[in-house]
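The sequence shown: position 138 = 137 (numbering that gives the first Met the number 0), numbered continuously.
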Amino acid sequence: MSETDERSEAPEAYDAGPFVPDRADLDGLRRAAAGCHGCPLFRDATQTVFGAGSADARVMLVGEEPGDQEDRQGEPFVGPAGRLLTRAVDEAGIDPAQIYLTNAVKHFKFTRQERGKRRIHKAPSLREASACKPWLAAELRQVEPEVLVTLGATASRALLGSSFRVTRQRGLRMPLPESLADGATGTLVATIHPSAVLRADDADREAAFAGLVADLRVAAGALDSG
Ligand code: URA
């Protein structure tokens with residue numbers, strides 16, 4: 000998350016809270032999220048990319064923000080990072096039908112290359128991630144997953160606080176934070192973002208992928224042991 004961004008943003012309040020309906024199921028939340036103007040990211044993005052999966056899912060995977068493909072297609076994790084995540088989930092033995100996939104931030108943030116058309120992913124600021132948190136909290140209330148997996152620093156810090164370090168605390172079973180649990184007794188496991196595997200040097204990629212799978216196996220184990 001870029002601190003420079005936060006300083007350069009207008010001092011208006013960023014908060015998705017007023018856009019989140021009190022009583023709505025996942026479909027109702029998805030419809031309401033399509034009109035969210037809780038922070039400025041909606042202005043340049045094509046559309047809101049809400050979570051996907053069943054309200055009965057036992058595992059919730061939380062990424063950072065939609066990428067270029069997700070922004071165009073309106074679905075989370077349909078690009079290269081999503082394909083890698085699908086492979087990792089499969090190797091970890093988690094049934095894809097049991098997964099609800101979402102992101103900490105529901106709009107794609109990007110910059111354009113000078114004179115180019117290519118949109119370059121930009122990490123959301125802490126302020127944008129905090130503004131978007133009411134959507135994640137509402138998804139959690141609807142899905143009540145047994146295990147929540149945060150993928151990478153943005154999702155982990157959005158849920159566990161800015162001092163959380165994925166490198167040090169990944170792959171551990173933790174209780175859901177009080178502020179989100181709402182009485183629920185789920186387990187949280189943090190791991191790296193699948194994009195970190197894609198970005199790894201050739202020599203390190205296999206080990207990075209194995210590490211992601213190992214952390215997902217911890218999540219799968221938490222499911223098994225209830
Ligand atoms: N990266 C994410 O964090 N989420 C997506 O949906 C796609 C890529």
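Here a beta-carbon is modelled for each residue, glycine too, at the ideal position from N, C-alpha and C.
Supposed contact pair residue j and residue i - C-beta distance, whole angstroms, cut 8 Å
i, j, result
"Asn102", "Pro79", "15 Å between Cβ atoms; not a contact."
"Leu150", "His192", "5 Å"
"Ala31", "Val19", "7 Å"
"Tyr99", "Ser155", "The pair is not a contact, with the Cβ atoms about 17 Å apart (cut-off 8 Å)."
"Val212", "Val148", "12 Å between Cβ atoms; not a contact."
"Met59", "Pro174", "Incorrect: roughly 15 Å between the Cβ atoms, too far for contact."
"Tyr13", "Glu177", "With 8 Å as the limit, Tyr13 and Glu177 do not qualify as a contact, their Cβ atoms being about 23 Å apart."
"Gly16", "Pro133", "4 Å"
"Leu215", "Ala56", "The pair is not a contact, with the Cβ atoms about 15 Å apart (cut-off 8 Å)."
"Ala209", "Ala199", "The pair is not a contact, with the Cβ atoms about 11 Å apart (cut-off 8 Å)."
"Leu179", "Ala136", "6 Å"
Distance cut-off 6 Å: residue i Cβ against heavy atoms of ligand 1
i, result
"Ala80", "yes"
"Gly220", "no"
"Pro133", "no"
"Phe76", "yes"
"Pro39", "no"
"Pro123", "no"
"Glu69", "yes"
"Pro65", "yes"
"Gly73", "no"
"Gly52", "no"
"Gly62", "yes"
Boundaries (first-last residue) of the beta strand (DSSP E) holding residue i
i, result
"Arg111", "Phe109 to Arg111"
"Thr101", "Ile98 to Asn102"
As assigned by DSSP and simplified to three states, the class of residue i
i, result
"Thr186", "strand"
"Leu139", "helix"
"Arg118", "strand"
"Ala51", "strand"
"Gly62", "strand"
"Leu147", "strand"
"Ala219", "helix"
"Pro75", "coil"
"Pro176", "coil"
"Gly160", "coil"
"Ala152", "helix"
"Cys131", "helix"
"Asp21", "coil"
"Thr45", "coil"
"Asp214", "helix"
"Glu69", "helix"
"Ala12", "coil"
Extent of the continuous alpha helix (DSSP H) run through residue i
i, result
"Arg30", "Leu25 to Ala32"
"Ser194", "Pro193 to Arg198"
"Leu171", "No alpha helix (DSSP H) contains Leu171, which DSSP labels as neither H nor E."
Proximity test, residue i beta-carbon vs ligand 2 heavy atom, cut-off 6 Å
i, result
"Leu197", "Ligands in the displayed structure: ligand 1; ligand 2 is not one of them."
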